[in-house]
Amino acid sequence: GENVEQHPSTLSVQEGDSAVIKCTYSDSASNYFPWYKQELGKGPQLIIDIRSNVGEKKDQRIAVTLNKTAKHFSLHITETQPEDSAVYFCAASPYTGTASKLTFGTGTRLQVTL
Amino acid sequence: NAGVTQTPKFQVLKTGQSMTLQCAQDMNHNSMYWYRQDPGMGLRLIYYSASEGTTDKGEVPNGYNVSRLNKREFSLRLESAAPSQTSVYFCASAPPGNQPQHFGDGTRLSIL
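Line by line, the protein sequences give chains C and P.
Sequence positions in the first sequence follow the numbering used here and run 4 to 117.
Sequence positions in the second sequence follow the numbering used here and run 49 to 160.
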């Protein structure tokens, strides 16, 4: 089955700096890569996703890049703000035609300090 | 618009007791999922239902059963709870195929 590794496990940045979280996956059949943000006591919320036919996607301060050859994808947050502090999860899913079977990374706790 | 609703939010059980976790979605999604989240291990898929009337095992199905009651509701049952099942349980729903999953806020379950 799929295996997703995520680094770093914790990340502390100053407000205004950029943050980068990296993930690798093992199954070449995976073609959907979402990123989720989880705040304390809440369920994960999708912040951005990318499919295997795209190399990069941006949404305001958030961007995701995908390298299919190397089987890795990264989340970039620019101009970080205190409200970006949360746990971030990457995930990967192969094409199933019916339901997505997500395999999650182990999470990155991002702390944005003033 | 409630999205995905999970009940209860918290529960404490004794070893050997049984319990059903409830999940309902109001987004008319075909697919529904149950995950568990343990410290340092991310979310792991227990069971999923691609459509009403179908269920399939995920990565960690042992000790659990599920029922897709109708398109809106997907329940998770622990027949004989064990301390190893202490976890936070999340339900999610999504349209067909590789589409974003929408999560509830979880059920925090402790088994003594």
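Every residue, glycine too, gets a C-beta built ideally from N, C-alpha and C.
Note that the structure is predicted; figures quoted are calculated from it, not measured.
In this structure, DSSP gives Ser-103/C a state outside helix and strand, which the three-state scheme calls coil.
For Ser-15/C, the enclosing beta strand (DSSP E) has its first and last residue at 13-17. For His-77/P, no beta strand (DSSP E) encloses it, and the DSSP letter there is neither H nor E. Contact with chain C is found for Phe-138/P, since one of that chain's Cβ atoms lies less than 8 Å from the residue's Cβ. Bridge partners of Ala-129/P according to DSSP: none are assigned. By the C-beta density criterion, Pro-56/P is exposed, having fewer than 16 other C-beta atoms within 10 angstroms. Separation of Tyr-137/P and Leu-117/C (C-alpha to C-alpha, rounded to the nearest whole angstrom) is 33 Å. Not one beta carbon of chain C lies nearer than 8 Å to the beta carbon of Gly-101/P. Around the beta carbon of Arg-84/P, 16 or more other beta carbons sit within 10 angstroms, so the residue counts as buried. Residues of chain C with a Cβ closer than 8 Å to the Cβ of Tyr-96/P are, in chain order, Ala-102 and Lys-104.
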